[in-house]
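Each protein sequence line maps, in turn, to chains A, F, Y and S. Going by my numbering, the first sequence opens with residue 1, and the numbers climb by one from there. Going by my numbering, the second sequence opens with residue 1, and the numbers climb by one from there. Going by my numbering, the third sequence opens with residue 1, and the numbers climb by one from there. Going by my numbering, the fourth sequence opens with residue 1, and the numbers climb by one from there. In this text, a Cβ means the ideal position worked out from N, Cα and C, and glycines have one as well.
Number of protein chains: 4
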Amino acid sequence: MTTQVIVLNGGSSSGKTGIARCLQAILPRPWISMSVDDLVDALPPSLMGPGSGIAFGQQGEVMVGEGFRAIEAAWMTGVAAMARAGARIIFDDVFLGGAASQERIRTHLEGLGVLWVGVRCDPEIAVGREIARGDRTSGMAATQAEIVHQGVVYDIEVDTSHTESLDCARAIAGHVV
Amino acid sequence: MTTQVIVLNGGSSSGKTGIARCLQAILPRPWISMSVDDLVDALPPSLMGPGSGIAFGQQGEVMVGEGFRAIEAAWMTGVAAMARAGARIIFDDVFLGGAASQERIRTHLEGLGVLWVGVRCDPEIAVGREIARGDRTSGMAATQAEIVHQGVVYDIEVDTSHTESLDCARAIAGHVV
Amino acid sequence: MTTQVIVLNGGSSSGKTGIARCLQAILPRPWISMSVDDLVDALPPSLMGPGSGIAFGQQGEVMVGEGFRAIEAAWMTGVAAMARAGARIIFDDVFLGGAASQERIRTHLEGLGVLWVGVRCDPEIAVGREIARGDRTSGMAATQAEIVHQGVVYDIEVDTSHTESLDCARAIAGHVV
Amino acid sequence: MTTQVIVLNGGSSSGKTGIARCLQAILPRPWISMSVDDLVDALPPSLMGPGSGIAFGQQGEVMVGEGFRAIEAAWMTGVAAMARAGARIIFDDVFLGGAASQERIRTHLEGLGVLWVGVRCDPEIAVGREIARGDRTSGMAATQAEIVHQGVVYDIEVDTSHTESLDCARAIAGHVV
């Protein structure tokens, strides 16, 4: 089945965005890159914060309320519709709920050719890269490194600890059909 | 009919983004903000440039090829699907083709409650604001100020020349049902 | 005396940056634009936060500690040295301490030809523009609008409430000698 | 002699900025981070482009004119003055002229305790990282990787090809006195 969506799942600072850009550069056809971060950027102030929306704690924890979940579901329905309409999509996400998150995404993408990619990174290395990025909210790399992969099933896994983004992208590209 | 999508159409530097943010702040329910600029940011390098993709000329002209058009259509299908799935969407766009652009968007949004908003700005003022923004590509404000409104039909028009974004947003909010 | 430094003082969201960019565009000679925001961006994590560093409160208040003040003084000495070495500088700042802040800057700039510019904006309008900018920290516009001008003496004042950045810049440019 | 300035020299995408942020995080005292990129961001439109200013070619080459050189010299005088006034500075630069560039910087920093750091990266790896960063101007990594080090003398060299930014920073920190 032709690959229509490439899902990259990994913790914060694991290197998903860099891999997505490399995939866009090396894949022969045009792919657009989308991320749950795009949704966060699109939110109204009322959904940025604890309660109904999405909030980021001091230790890097992410808290998600019902209002955010409802909009996320509608947004994900739209991302799937883009793919069904012919746009090839590299979708990067953080499966905070592990296997349950994958199940939710899988339901949205039903009928589409999906390549599931795990982007791993040694937690200690991810923490160092978080410092190098200078993001004000630190702690996310450590918190997410392991839990986002719990129970998740992949077609291919890459590890950015000692492999460059471009080489990871090449390995992934070999599975795109 | 309940408003599900607010379409803001206006030239570059006419103030669409500021109005969108104010709408998000004052409307009682959560609205997400999407823009054709988001699509441009999501494109692969192969579609950034003349030919098949989207290119920005020295005088601020925008050239759009078939590859971009194909992905834009799929992307727009997805935006409409988000709205159908329940996400309220403020969508800002630049109708480079005037009435023809509106027709294309209208087809995508068929069946949805759409509020069509024209965002006007005196061309000379828009040019000044483009300078104040410091964007490297200048000329877009002057090129687009008039043509994006040609033949377009609106539910409401606002003019940012002498009215603040927040006041424009309040006027628009009065038409959201 | 030849103008070597243009100091723009005004509250958050009063429009200083836009005026600075317009001045750069219309002044016949090259001017570089510097801001206390550049210093904030250059700070280490240890100075971002309450205590010794600079911190931003929930209501838009800015708290400044001794560690920040010490580095700011050294940084300002350097900005003055750039001007003495021949770089024309547009310097935008927020005089949180009003007249006392001006005195401190005046001491640093001693011997240089300085044009003092007050950038005013109706507080209600500045608050609206802060919403339109979508900055996550809101409240700064309201908090700072009046206090930054208390006791400060200017060569020229502009008001962005009903005057475009470019027109304000033209008025200022008429005082550059 | 106490270290007052840490100069990081390396080609584009060699990892200087990440190392600078890690240094800021691990060094016991506060250091501010400055870069020639800050100057470029501060330039007026008249100095962005070929001729007198700074221009970036299609193949990643950087062309620098007299107007830029004059302002850069004044700006560098100011950076040195900041350090003399007590600000500890991590300064990252790209020695396009190799040894001649170092000589110019050395003159500005005369009398200060300077730690000269070479930031190397395998050219092929730097090119891959440039793709992963998604910068629109590609080619700079390849063009600059070797030439910026020609004839330059360092106190310490790090290589980001197979060493993380944080580990490079730790090695450098061991030389800060």
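A Cβ-Cβ contact shorter than 8 Å links Ile90/F with Ile6/F.
For Ile32/Y and Thr163/F, the gap between their C-alpha atoms comes out near 31 Å.
Annotated as proximal: Val176/Y and Thr3/Y, with beta-carbon spacing under 8 Å.
Under the three-state reduction of DSSP, Asp93/A is assigned to strand. The beta carbon of Ser165/A sits closer than 7 Å to the beta carbons of Gly15, Gly18, Ile19 and Cys22 from its chain, once the five residues preceding and following it are set aside; these are given in chain order. In this structure, the beta-carbon distance from Gln144/A to Gly11/A falls below 8 Å. The C-beta distance from Val158/Y to Val117/Y rounds to 7 Å, short enough to fall under 8 Å. In the pairwise beta carbon analysis, the region 104 to 123 of chain Y is classified as not touching the region 101 to 119 of chain S: fewer than three pairs are separated by under 8 Å.
For the pair Met1/Y and Gly174/Y, the CB atoms are not nearer than the 8 Å cut-off. Note on geometry: alpha-carbon atoms of Met63/F and Met48/F lie some 10 Å from one another. Rounded to whole angstroms, the gap between the alpha carbons of Ser46/Y and Met82/Y is 27 Å. The C-beta distance from Pro30/F to Ile71/A rounds to 6 Å, short enough to fall under 8 Å. DSSP places Leu47/A within a helical segment (H, G or I) once states are collapsed to three.
If you keep only unbroken alpha helix (DSSP H) runs of at least 4 residues inside the region 105 to 150 of chain A, you get 123 to 133 and 140 to 144. Against chain Y, a Cβ distance below 7 Å from Ala132/F picks out Gly18, Arg21, Cys22, Ser165 and Leu166. Of all residues in the region 74 to 96 of chain A, those with a C-beta nearer than 7 Å to a C-beta of chain F are Ala74, Trp75, Thr77, Gly78, Val79, Ala81, Met82, Ala85, Gly86 and Ala87, reading in chain order. At least one beta carbon of chain S lies nearer than 8 Å to the beta carbon of Trp31/Y. By the neighbour-count definition (other C-beta atoms within 10 Å, threshold 16), Val94/A is a buried residue. Interface annotation, Gly49/Y: not in contact with chain S, CB-CB separation never under 8 Å. The Cβ atoms of Thr137/F and Gly60/F sit closer than 8 Å to each other. In terms of CA proximity to Ile26/A, Ala132/S leads the group Ala87/S, Asp92/S and Ala132/S.
Contact with chain Y is found for Ile125/F, since one of that chain's Cβ atoms lies less than 8 Å from the residue's Cβ.
For the pair Ala85/F and Thr77/A, the CB atoms are nearer than the 8 Å cut-off. Within the model, the alpha-carbon separation for Arg69/S versus Val40/F is close to 35 Å. An exposed status is given to Val153/S, since fewer than 16 other beta-carbon atoms sit within 10 Å of its beta-carbon. For Gly128/F, the chain Y residues whose Cβ falls inside 8 Å of its Cβ are Cys22, Glu164, Ser165, Leu166 and Asp167, in order along the chain. In chain order, Gly60, Pro123 and Val127 place their CB closer than 7 Å to the CB of Ala142/F, counting only its own chain and leaving out the 5 sequence neighbours on each side. In the same chain as Gln58/S, and ignoring 5 residues on each side of it, the C-beta atoms closer than 8 Å to its own belong to Gly139, in chain order. Here Asp159/F carries a strand assignment [DSSP, helix/strand/coil].
For the pair Asp135/Y and Ile147/Y, the Cα-to-Cα distance works out to about 21 Å. Within the same chain, Cβ atoms closer than 7 Å to the Cβ of Ala87/S are found at Ile32, the five residues on either side in sequence being excluded. Interface criterion met: the Cβ of Leu43/Y is under 8 Å from a Cβ in chain S. In chain order, Pro30 make up the part of chain Y whose C-beta sits under 7 Å from the C-beta of Gly67/S. The beta carbon of Phe56/F is closer than 7 Å to those of Val62 and Thr137 in its chain, skipping five residues each way along the sequence. The continuous alpha helix (DSSP H) containing Ser165/Y extends over residues Ser165 to Ala173.
Within the region 12 to 96 of chain F, the runs of beta strand (DSSP E) at least 3 residues long that lie entirely inside it are, in chain order, 32 to 35, 54 to 56, 62 to 64 and 89 to 93.
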